[in-house]
Amino acid sequence: MMTGEEINRPQVLAEVTAAFYRYEEALVSNDIAVLDELFWHDARTVRLGAGENLYGIDEIRAFRAARPAAGLQRELRHTTITTFGEDYAVCSTEFTREGSERIGRQQQTWVRFPSGWRIVAAQVSLML
0 MMTGEEINRP QVLAEVTAAF YRYEEALVSN DIAVLDELFW HDARTVRLGA
50 GENLYGIDEI RAFRAARPAA GLQRELRHTT ITTFGEDYAV CSTEFTREGS
100 ERIGRQQQTW VRFPSGWRIV AAQVSLML
């Protein structure tokens, strides 16, 4: 059973927060190498996007390679990062892009592996 002391331990929260913002910087700068590094390299990794459903690291990699690099800048708001124990976290945020009224939503599940924190599941959607 998870106790309150195991939720958002300062050191773990700091690690996941750093990984989350490293991912964000890689996303808006289209740093495909870092984006690839931060996803779990496994066929069970899932990324459900605003217009695509990607199952496995190979589909995620192909999507990243084909995606245009322009217009990626965005503003984050309501970012919430919650860690559970030493090895599990959920990161949720809303985002907006210049010139659009639409609100995007992103949620990621992170797990600590021997190689570091990796995204094992992600979801991105746009509100209508």
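So that you can map any letter, position 40 of the sequence shown is 39 in numbering that gives the first Met the number 0, and since no number is skipped, the others follow by simple counting. Beta carbons: idealized from backbone N, C-alpha and C, even for Gly. Quick caveat: nothing in here was measured; it's all calculated off a predicted structure.
Exposed unless 16 or more other CB atoms sit within 10 angstroms - verdict on Q107: With 16 or more other Cβ atoms within 10 Å, it is buried.
Host alpha helix (DSSP H) of E16 (start-end): Correcting the residue type first, residue 16 is Thr in the shown sequence and not Glu. T16 -> alpha helix (DSSP H) spans P9 to V27.
Are there 16 or more other CB atoms within 10 angstroms of the CB of F62, so buried, or fewer, so exposed? So F62 ends up on the exposed side.
C-alpha gap between Y22 and G48, whole angstroms: For the pair Y22 and G48, the Cα-to-Cα distance works out to about 16 Å.
Is L26 near L75, with beta carbons less than 8 Å apart? Going by C-beta atoms, L26 is not nearer than 8 Å to L75.
With a 10 Å radius around its C-beta and 16 neighbouring C-beta atoms as the bar for buried, classify Q10 as buried or exposed. Q10 comes out exposed.
Indicate whether T82 and L12 have their beta-carbon atoms separated by less than 8 Å. Yes, they are a contact pair.
Scan the region 31–99 and note each continuous alpha helix (DSSP H) run of 4 residues or more that stays entirely inside, going in chain order. Fully enclosed alpha helix (DSSP H) runs of 4 or longer: 31–37 and 56–65.
Using DSSP's beta-bridge definition, name the partner residues of V123. Per DSSP, the beta bridge partners of V123 are Q105.
Would the beta-carbon of A121 fall within 8 Å of that of V15? No, they are not a contact pair.
Can I102 and T95 be called in contact, C-beta distance under 8 Å? Contact flag set, yes.
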